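**Q** Protein chains in written order, with my numbering: chain A, 5 to 480; chain B, 25 to 204.
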Amino acid sequence: MDKRKIFISPVTRIEGHANITIELDDRGEVSDALFHVNEFRGFEKFCEGRMYTEMPTITPRICGICPTSHTLASVKACEMIQGIQPPYTANLLRRLMHIGQNLSSHALSFFHLSAPDFLLGYDSDPASRNILGIAERYPDIALRGIRLRKFGQELSERITGKKIHIMGIVPGGMAFPLTEENRKALLHWIPEAIETVQLGLNIIRKFHEENGEMVSSFANSPTMYLGTVGPGGEHELYDGRLRFMNQDGIILQDQVMPADYLQYIAERSVNWSYLKYPYYKPFGYDNGIYRVGPLARLNVCTRMKTPLAQKEFEVFKQLNGGRPVHGTFYYHYARLIEALGDVEDAEIILRDPQVTSRHIQHNGRWNYEEGIGSSEAPRGTLFHHYRTDKTGKLVGVNLLIATGQNNPSMNRSVLEVARQYVKGDQISEGMLNRVESAIRCYDPCLSCSTHALGQMPMRVQVIDSRGQLLRQVERG
Amino acid sequence: MQKKKLATVWLGGCSGCHMSLLDIDERILDVARLADIVKSPVVDGKEMPEVDITLVEGSVTSDEHYRELIHIRKKTKVLIALGDCAVMTNVTGMRNYFNLKDVFDTAYVHAVSNDGEGQVPDHPSLLKLNEKVQPLHEVVKVDFVLPGCPPDADAIFYVLFEFLNDRVPNLSAVKKLKYG
Ligand code: SF4
Chain A
5 MDKRKIFISP
15 VTRIEGHANI
25 TIELDDRGEV
35 SDALFHVNEF
45 RGFEKFCEGR
55 MYTEMPTITP
65 RICGICPTSH
75 TLASVKACEM
85 IQGIQPPYTA
95 NLLRRLMHIG
105 QNLSSHALSF
115 FHLSAPDFLL
125 GYDSDPASRN
135 ILGIAERYPD
145 IALRGIRLRK
155 FGQELSERIT
165 GKKIHIMGIV
175 PGGMAFPLTE
185 ENRKALLHWI
195 PEAIETVQLG
205 LNIIRKFHEE
215 NGEMVSSFAN
225 SPTMYLGTVG
235 PGGEHELYDG
245 RLRFMNQDGI
255 ILQDQVMPAD
265 YLQYIAERSV
275 NWSYLKYPYY
285 KPFGYDNGIY
295 RVGPLARLNV
305 CTRMKTPLAQ
315 KEFEVFKQLN
325 GGRPVHGTFY
335 YHYARLIEAL
345 GDVEDAEIIL
355 RDPQVTSRHI
365 QHNGRWNYEE
375 GIGSSEAPRG
385 TLFHHYRTDK
395 TGKLVGVNLL
405 IATGQNNPSM
415 NRSVLEVARQ
425 YVKGDQISEG
435 MLNRVESAIR
445 CYDPCLSCST
455 HALGQMPMRV
465 QVIDSRGQLL
475 RQVERG
Chain B
25 MQKKKLATVW
35 LGGCSGCHMS
45 LLDIDERILD
55 VARLADIVKS
65 PVVDGKEMPE
75 VDITLVEGSV
85 TSDEHYRELI
95 HIRKKTKVLI
105 ALGDCAVMTN
115 VTGMRNYFNL
125 KDVFDTAYVH
135 AVSNDGEGQV
145 PDHPSLLKLN
155 EKVQPLHEVV
165 KVDFVLPGCP
175 PDADAIFYVL
185 FEFLNDRVPN
195 LSAVKKLKYG
């Protein structure tokens, strides 16, 4: 069969660490898409033999955008090994830092990476479709976006002295207290941060209004969802239990202890990607596709914890009459609703009289051989699972990363967009952008950092079954 | 003074060094006034434009990183190793204590969450990992190193700003300069 292929290569290296092959059948119709993830570092192996207490400082190096979530999942696994709980104030400080990371990551995703598409247009000049292009046309918006991210980073810096790969979160609690001076400095940011998120919400609303059909039909096939919720089903990032929801909004499993994750999640290795394909175990590989991240968290939770976010959440819930919202494009909206809740929540914590207490650490020692911890990274639920020998040396490490769990649906979203926008071997610049934005909706760690200053470079080749080049479109 | 051309590249790292670069916050606009931040390079013979300064994050972990780094070296006047992974492989290099097959098998065949038999990915579109991770200077001549995991944003800005103004940065003037 004359199976033609289109390769889209958002060049593995520079920023994508991913590329795409779109396969055409002999009638020139899209038959399949393979989303190649090109990054593998081997943490599961090289952590073996180290002491479990080293993990909270090693594992943030998995990802520079969600290091705090890794540290938190890691200390929780350590605390399960020790059988202890951190003090109240330590939990407050961890929450603050976690909120900070979520906020800076969401700000980056929205203002640096996605707003250029919304404000300048998908088909505008690629050379300036970036945050610097926004700075030229809308200097105030660019500056505000940069400053919102800065506030998020400062929440970590003012607690532990570092913005990225923070060192202060340790098994049993925190290494540093929050000073009164820093508490005040952080509170100072709140009004501006609320305003900036509202500004983002206005941009997205306007875009929704003007592009209604595209927004609601964009990669919108239903999936299951997984997210962390609090005891009352409320939205939760740091410390809760798992909820699985099916595509119609029925709760399949609720208040699942993260330590039981292996009962519900399995994953499969595939030959075309260094990222494995996780799925909801009871439904099997073919039917168990689920999503995590902001959209999933909003779909599964019953309410937001703060008033402004709750008001926006109610609007969100109406998008699909109370049922889960599936359109991949709504990830952006979900992210901003979370960001709003983050800022409100930060204020509540900063006003807690105990936030500057110096009782921030409990001492523990090795007690159990196994520890499992989870937390919600900006991109979704992640799990750390450690097994140790009796001296505390690691003998087994398993890591389930947020973006990994979105991998199957990212692949599917790319396929859907390709079906919609690729006709035969006709490839337009606009099509590349839409494939790119199908990935970008998920804000995958593997491609979000470096194209902060530009678009994804891509190469598209149409090749017939004998490997002959029929057409090539390039940008980058 | 003519506007400089600047590139930033991500090899085998966690993107934390690029995040720290973004942590220069509003000063990114100062950088943009002095330099065009041009696209990052594409290997496979694709042209990276001639640039004045390239910041490289991460270690050399694969065949593509290796080719790309050599290509970058040809195209850039100043090559800066940004962060501990680029300077001395850091956490990325921790797999050097094991053989690559074991590292692969642990993740793709033996992981407790895996179903079935597992398989190590080997599609032709995937890059091939090198047996050992290398720091940049083992592959090309590096003009300047800025350690840190990641380097502090102020340090990155200072180094960049000096080069953009045709001066060689003086690292002893940098606060918070350290490995890790
Ligand atoms: S030096 Fe640290 S921050 Fe930079 S890429 Fe390596 S692990 Fe990430």
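We put the CB at the ideal spot given by N, CA and C, even for glycine.
As the structure is a prediction and not an experimental result, all values here were calculated from the model.
For V62/B, tell me which candidate among E141/B, K99/B, D139/B and G36/B has the shortest Cα-Cα distance.
**A** The option with the nearest alpha carbon to V62/B is K99/B.
**Q** Closer than 8 Å by beta-carbon distance: list the chain A residues that pair up with L153/B, in chain order.
**A** Those are F44, listed as they occur along chain A.
**Q** What does the Cβ neighbour count give for A270/A, buried or exposed, with the cut at 16 atoms within 10 Å?
**A** With 16 or more other Cβ atoms within 10 Å, it is buried.
**Q** Identify each residue in the segment 178-206 of chain A for which the Cβ-Cβ distance to at least one residue of chain B is less than 8 Å, and report them in chain order.
**A** Here the close residues number zero.
**Q** Rounded to whole angstroms, how far is the Cβ of K49/A from the Cβ of V198/B, which I believe are closer than 8 Å?
**A** Between V198/B and K49/A the Cβ distance is about 35 Å, and since that is not below 8 Å, they are no contact.
**Q** How about V115/B: is its C-beta nearer than 9 Å to some C-beta of chain A?
**A** Yes, contact with chain A.
**Q** Hey, would you say the C-beta of T227/A is under 8 Å away from at least one heavy atom of the ligand SF4?
**A** Checking every heavy atom of the ligand SF4 against the Cβ of T227/A, none is found closer than 8 Å.
**Q** Cβ-heavy atom distance between V115/B and the ligand PLP below 8 Å?
**A** Inclusion of the ligand PLP in the displayed structure is not the case, the ligand content consisting of the ligand SF4 alone.
**Q** Taking only beta-carbon positions, decide if P174/B is within less than 9 Å of chain A.
**A** Yes, its Cβ sits closer than 9 Å to a Cβ of chain A.
**Q** Less than 8 Å separating the Cβ of I26/A from some heavy atom of the ligand SF4?
**A** No.
**Q** With DSSP collapsed to three states, give me the class of R247/A.
**A** It is a strand residue.
**Q** How far does the alpha helix (DSSP H) with P143/A in it reach, from first residue to last?
**A** That run of the alpha helix (DSSP H) goes P143 to T164.
**Q** Relative to chain B, which residues along the segment 157-169 of chain A have a C-beta separation below 7 Å, given in chain order?
**A** The residues in question are Q157, K167, I168 and H169.
**Q** Exposed or buried, which one is R31/A when buried takes at least 16 other CB atoms within 10 Å?
**A** The residue in question, R31/A, is exposed, as its Cβ has fewer than 16 Cβ neighbours within 10 Å.
**Q** Comparing alpha-carbon positions, which option in A381/A, Y284/A, N95/A and R444/A lies nearest N64/A?
**A** According to the sequence displayed, residue 64/A carries Pro and not Asn. For the residues A381/A, Y284/A, N95/A and R444/A, the minimum Cα distance to P64/A belongs to A381/A.
**Q** How would you write the range of the alpha helix (DSSP H) that H388/A sits in, first residue to last?
**A** Run containing H388/A: none in the alpha helix (DSSP H); it sits in the beta strand (DSSP E), G384 to T392.
**Q** Quick one: which residues of the segment 126-139 of chain B get their C-beta closer than 7 Å to a C-beta of chain A? List them in chain order.
**A** Per Cβ criterion, the list reads D126, V127, T130, A131, Y132, A135, V136, S137, N138 and D139.
**Q** Rounded to whole angstroms, what's the CA-CA distance from T116/B to G36/B? Just pull it up for me.
**A** If you take the alpha carbons of T116/B and G36/B, they lie about 7 Å apart.
**Q** How far does the beta strand (DSSP E) with L106/B in it extend, from its first residue to its last?
**A** From DSSP, the beta strand (DSSP E) with L106/B extends over T100 to L106.
**Q** With respect to 8 Å, is the separation between the Cβ of I150/A and the closest non-hydrogen atom of the ligand SF4 below this value?
**A** No; taking the cut-off as 8 Å, the Cβ of I150/A has no heavy atom of the ligand SF4 nearer than that.
**Q** Cβ of S109/A within 8 Å of any heavy atom in the ligand SF4?
**A** Outside the cutoff, so no.
**Q** Between the beta-carbon of R97/B and the beta-carbon of K165/B, is there less than 9 Å?
**A** Against a cut-off of 9 Å, the Cβ pair of K165/B and R97/B comes out as a contact.
**Q** Under the three-state reduction of DSSP, which class applies to H40/A: helix, strand or coil?
**A** Correct three-state label for H40/A: strand.
**Q** For a quick check, are the C-beta atoms of S83/B and Q26/B less than 9 Å apart?
**A** No.
**Q** To the nearest angstrom, how far is the alpha carbon of C70/A from that of N106/A?
**A** Going from the Cα of C70/A to the Cα of N106/A covers about 8 Å.
**Q** When burial is assigned at 16 or more other CB atoms within 10 Å of the CB, is G480/A buried or exposed?
**A** Confidence in G480/A is poor, its pLDDT being 47 and thus under 50, which makes the residue's placement unreliable; the coordinate value appears in the next sentence. Under this definition G480/A is a buried residue.
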